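The block underneath contains the structure these notes are about, expressed in structure tokens.
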Amino acid sequence: MLALLGRQAQLETAYGGGFVTKIDGLGGGRPGEDWFYWVNGILAGVGAGDFPARPGDVIWWDFHPWNRTAFLPAVVGAYPEPFVRGYTGKAPAARIIYSAQAAEEAQAAAKALAAAGAPAPELAPYGDASLMKRAAPTLLVATWPEVSGDKDLAGLLKNWRRTGLYFKFDGAGLSPLRADGSEGGRYGPGAGVIAATGSGPGDVSPLWLVLGTDAAGLNRAMALLTQRPGHLARRVGVVVAPTGEVIPLPAVKGP
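Numbering (the working numbering), first residue to last: 4 to 258.
Below you can see the structure in the form of structure tokens.
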């Protein structure tokens, strides 16, 4: 990995050369700011000098302060690679957990993943599978009213600083969050979100969320994932407004 990056940019390193401190002069200026990297949408768990990059890997570097988000365990910007190559080079078959109103969207997701080269996913009704005990990349497809009482999901959203889930639901509304956790707008019926998280660096079984304020919002989010996935490129996550506008997460604009 380090040799590959070194052929593309000028580097400064530390800790025996395995930890990148500057890329093309950016970095190393203030305490609490570092370079982080993701492999196929999953935050790396080792220094760049210890990760063997493979042909086809999507590698994303980002420079940001620890005091905003210590970890972004997973991002959507390398789709579909978290489900195809994954962190180790070959992802296991994903599990798609779907709510009662999301059966068609779950089938659409499974078809899209298979077309992208991922192993055929397993489909499981919501309530029959755990979001937290994951043995493979997992995709939750649901409307918010159907899963709003899920304590595990509520905990992930509440702990956004460590999960990297920069959005919240409030009643029938969906709000993208800025990097400091403040609301960057609010969208009502017809809005959806696509986001990802994990248990920590190097999690080979990330959790992806495709949620809607209602059935229309879920359909809109799934259509983006399956028909216009280019809008996910280089994004942590996205909110899809009722108008179809795609809002990157974390949000950078206000209401």
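Just so it is clear, CB atoms sit at the ideal spot from N, CA and C, and this is done for glycine as well. Values in this document were obtained by computation on a predicted structure and should not be read as measured data.
For Val87, the three-state secondary structure derived from DSSP is helix.
Residue pairing by DSSP places Val23 opposite Thr16 in a beta bridge.
The three-state reading of DSSP puts Leu168 in coil, since its state is none of H, G, I, E or B. The C-beta separation of Glu149 from Asn222 comes to about 14 Å, leaving the pair out of contact by the 8 Å criterion. Counting only residues of its own chain and dropping the five nearest sequence neighbours on each side, Ala111 has a CB closer than 7 Å to the CB of Met225, Thr229.
Restricting attention to Pro245, Glu84, Thr91, Lys171, the CA atom closest to the CA of Ala115 is found in Glu84.
The alpha helix (DSSP H) runs lying completely inside the stretch 204-235 and spanning 4 residues or more are 218-230, given in chain order. Separation of Gly233 and Gly220 (C-alpha to C-alpha, rounded to the nearest whole angstrom) is 19 Å. Counting along the chain, the unbroken alpha helix (DSSP H) around Pro148 starts and ends at 147-150.
Our two residues, Asn162 and Ala17, have alpha carbons roughly 31 Å apart in a direct line. In the DSSP annotation of this structure, the continuous segment of the alpha helix (DSSP H) that includes Arg10 starts and ends at 5-11. Distance between Arg189 and Ala182, taken at the CA atoms: about 16 Å. Between Leu180 and Pro253, the C-beta spacing is below 7 Å. Asp183 carries a coil assignment under DSSP once its states are collapsed to helix, strand and coil. At the C-beta level, Ala113 and Pro124 come within 7 Å of one another. When only Cα atoms are considered, Lys136 and Trp69 end up about 27 Å apart. Within a 10 Å sphere around the beta-carbon of Ser178 sit 16 or more other beta-carbons, which makes this residue buried.
Contact check for Gly130 against Ala236 fails: the beta carbons are separated by 7 Å or more.
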